[in-house]
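Visitor: In the working numbering, the protein residues as written are 965 to 1417. Beta carbons are placed, not taken as given, at the ideal position from N, Cα and C, and that holds for glycine. Every value quoted in this text rests on a predicted model; they were computed, and no experiment measured them.
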């Protein structure tokens, strides 16, 4: 007998709705849920492969304990109770000896555990959580919180212009974004695609800018010059809500269409026409995508230029533009920020966060300033930022402390849905640090390269 169950995909943040067909206790078929209020039956290729992930022969379903020397790849099975007891006893011993900051944590890009691991670390007393932020959306997130206190998401269904900049939702389609863009196109919205590759979206675009890889900032600065020079910016918004506009105008003056064309391999006409199309079509949105966050040294500046484009054109926090807050008609659901128990971590422990002295904004000092500002807003407008995504220790500083014992010993680490040898910089240094730990716990579906050390 076949049973259908309603669930969601956990392979990215979007949580797209799914229908599972179950036969004899085993899922045999997966489809999108047409009754899901957001995704309405749409799922991406990652979601379609969910069952391959669930029933993969290499998937781990029981706790394993290392036998012999680290790196030998020898394991023995043990019960869940024994595994939890042994980890708990060792963590308690190390905390008693070195203090709670001796425990570090690495995470992946998160799925459903945004708040619970942060709560555990806050209650344990350690500020040293780090993870995949640096190879994920860290540049955009840090810049947007620094600029306007939150992360903006485009309102596709009400927009009149979509800019896909380094983003191919036809390949990876959170919340059915590509289908929404196509629907918006049918309703008259314009589409600008900026990408070095001729992606499928380019065939649907009103303008396709096949840009030289890594030169996006030059194009953005040229857009800003055109928008300011042609008077296409929102004067009221700029006067009321921004600072430094004259400095911005001076900074972009040298980025003429001709200079940008030379840098980006576009034509001056493409630079000017695309800038005017974006600025003159209201409301408009520039989607967030990994293409800009993966640019290395230019990633942060690309994110900064994008936030400025959104702001001066008056597309920030308007319907069809880039909303910042989320309305809360229920009012009784506790947000993730309330579940994290951040106030449980004493200021003296926050001050020990590794790397926060050198990179304060993305550590607790920056989170505290953002949280204080956001708490002054109406609760149904914007919640304080998640500490788990905006207050992290610096991975390099954590590795240094493990190896050198300075400024204090870090002797234990837990990696949850995380493969530090792949996701953290300087693999040799990370490997050296992992080998030096007195306790290393990996919570993962598969035996990743990080587990054997």
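From the DSSP secondary-structure annotation, give me the bridge partner or partners of residue 1129.
Guide: Beta-bridge pairing links residue 1129 to 1158.
Visitor: If you compare alpha carbons, which of 1360, 998 and 990 is closest to residue 1323?
Guide: For the residues 1360, 998 and 990, the minimum Cα distance to residue 1323 belongs to 1360.
Visitor: Mapping the DSSP letters down to three states, classify residue 982 as helix, strand or coil.
Guide: Three-state DSSP puts residue 982 in a strand.
Visitor: According to DSSP, is residue 1102 part of a helix, a strand, or is it coil?
Guide: Helix.
Visitor: In terms of residues, what are the limits of the beta strand (DSSP E) holding residue 1235?
Guide: Unbroken run through residue 1235 is the alpha helix (DSSP H), 1232-1244; no beta strand (DSSP E).
Visitor: At what residue ranges does the segment 1179-1221 contain a whole run of the alpha helix (DSSP H), taking only runs of 4 or more?
Guide: Those alpha helix (DSSP H) runs which fall completely within the segment 1179-1221 and span 4+ residues are 1180-1193, 1199-1205 and 1209-1216.
Visitor: Please go through the same chain and pick out, in chain order, the residues whose beta-carbon is closer than 6 Å to the beta-carbon of residue 1038, but skip the five residues on each side of it.
Guide: Answer for residue 1038: 1031 and 1032, listed in chain order.
Visitor: What residues in its chain sit with their C-beta under 8 Å from that of residue 1403, if we drop five residues either side in the sequence?
Guide: Taken in chain order, the residues that qualify are 1051, 1054, 1055, 1058, 1375, 1376 and 1377.
Visitor: Within the same chain, show all residues whose beta-carbon is closer than 6 Å to that of residue 967, passing over the 5 residues directly before and after it, in chain order.
Guide: Answer for residue 967: 986, listed in chain order.
Visitor: With burial defined as no fewer than 16 other Cβ atoms inside 10 Å of the residue's Cβ, what is the status of residue 1197: buried or exposed?
Guide: Its Cβ being crowded by 16 or more others within 10 Å, residue 1197 is buried.
Visitor: Excluding five sequence neighbours on each side, which residues of the same chain lie with their C-beta closer than 6 Å to the C-beta of residue 1405?
Guide: For residue 1405, where only same-chain residues beyond five positions count, the Cβ hits under 6 Å are 1051 and 1378.
Visitor: With residue 1375 as the anchor, note down where its alpha helix (DSSP H) starts and where it stops.
Guide: Looking at the DSSP string, residue 1375 is not in any alpha helix (DSSP H), and its letter there is neither H nor E.
Visitor: From the DSSP output, read off the bridge partner residues of residue 1325.
Guide: BP columns for residue 1325 are empty, so no partner.
Visitor: Report buried or exposed for residue 989, applying the criterion of at least 16 other Cβ atoms within 10 angstroms of its Cβ.
Guide: So residue 989 counts as exposed.
Visitor: From this set, 1410, 1416 and 1338, which residue's C-alpha is nearest residue 1026's C-alpha?
Guide: Considering only alpha carbons, the answer is 1410.
Visitor: For residue 1095, name the three-state secondary structure that DSSP assigns.
Guide: Three-state DSSP puts residue 1095 in a strand.
Visitor: On the DSSP bridge assignment, give the partners of residue 987 in chain order.
Guide: Residue 987 pairs with 966 and 990.
Visitor: Between residue 1261 and residue 1186, which are expected to be in contact by the criterion C-beta below 8 Å, what is the C-beta distance as a whole number of angstroms?
Guide: About 19 Å; that fails the 8 Å criterion.
Visitor: Compare the Cα-Cα distances from residue 1408 to each of 1382, 1399, 1029 and 1395 and report the closest residue.
Guide: It is 1382.
Visitor: Could you spell out the range, first to last residue, of the alpha helix (DSSP H) harbouring residue 1041?
Guide: Careful: residue 1041 lies outside any alpha helix (DSSP H), inside the beta strand (DSSP E) at 1039-1041.
Visitor: Whole angstroms are fine: how far does the CA of residue 1303 sit from the CA of residue 970?
Guide: If you take the alpha carbons of residue 970 and residue 1303, they lie about 26 Å apart.
Visitor: Expressed to the nearest angstrom, what Euclidean distance is found between the alpha-carbon atoms of residue 1201 and residue 1150?
Guide: Taking the straight line from one Cα to the other gives about 30 Å.
Visitor: Along the alpha helix (DSSP H) that carries residue 1395, what are the first and last residues, could you check?
Guide: Here the alpha helix (DSSP H) through residue 1395 covers 1391-1400.
Visitor: On the three-pair Cβ rule with 8 Å, is the segment 1095-1110 touching the segment 1252-1270?
Guide: Cβ pair count under 8 Å is three or more, so yes.
Visitor: Check each candidate in 1317, 1336 and 1399 and name the one with the smallest Cα separation from residue 1094.
Guide: Of 1317, 1336 and 1399, the residue nearest in Cα terms is 1317.
Visitor: Going by alpha carbons, who is nearest to residue 1189 out of 974, 1209, 1391 and 1073?
Guide: If we check each option's Cα against that of residue 1189, 1209 comes out closest.
Visitor: Measuring only the C-alpha atoms, how far is residue 1231 from residue 1004?
Guide: Using only the alpha carbons, I get a separation of about 40 Å.
Visitor: Can you give me the start and stop residues for the alpha helix (DSSP H) that residue 1362 sits inside?
Guide: Residue 1362 -> alpha helix (DSSP H) spans 1359-1368.
Visitor: Would a C-beta distance cut-off of 9 Å place residue 1010 and residue 1136 closer than the cut-off?
Guide: Their beta carbons are under 9 Å apart, which means residue 1010 touches residue 1136 by this criterion.
Visitor: Check the C-beta distance from residue 1062 over to residue 1416 and give it rounded, since I have them as a contact under 8 Å.
Guide: About 25 Å; that fails the 8 Å criterion.
Visitor: With H, G and I counted as helix, E and B as strand and the rest as coil, what does DSSP make of residue 1294?
Guide: Residue confidence is low: residue 1294 scores 47 on pLDDT, short of 50, so the model does not pin down where it sits. Its coordinate-derived value is still stated next. Coil, per DSSP.
Visitor: Looking at C-alpha atoms only, which residue of 1207, 1270 and 1143 is the closest neighbour of residue 1253?
Guide: The shortest Cα separation from residue 1253 among 1207, 1270 and 1143 belongs to 1270.
Visitor: Roughly how far, in whole angstroms, is the beta-carbon of residue 1120 from the beta-carbon of residue 1155, given that I think they are within contact range, below 8 Å?
Guide: Not confirmed; about 11 Å, so no contact.
Visitor: Determine which residues share a DSSP beta bridge with residue 1068 and list them.
Guide: Paired residue(s): 1377.
Visitor: Go ahead and label residue 1287 buried or exposed: buried means 16 or more other beta carbons lie within 10 angstroms of its beta carbon, across all protein chains shown.
Guide: It is buried - the Cβ of residue 1287 has at least 16 other Cβ atoms within 10 Å.
Visitor: I'd like the list of long-range same chain contacts for residue 1166, defined as Cβ closer than 6 Å, with 5 residues on each side in sequence excluded.
Guide: Cβ within range, chain order: 1157 and 1172.
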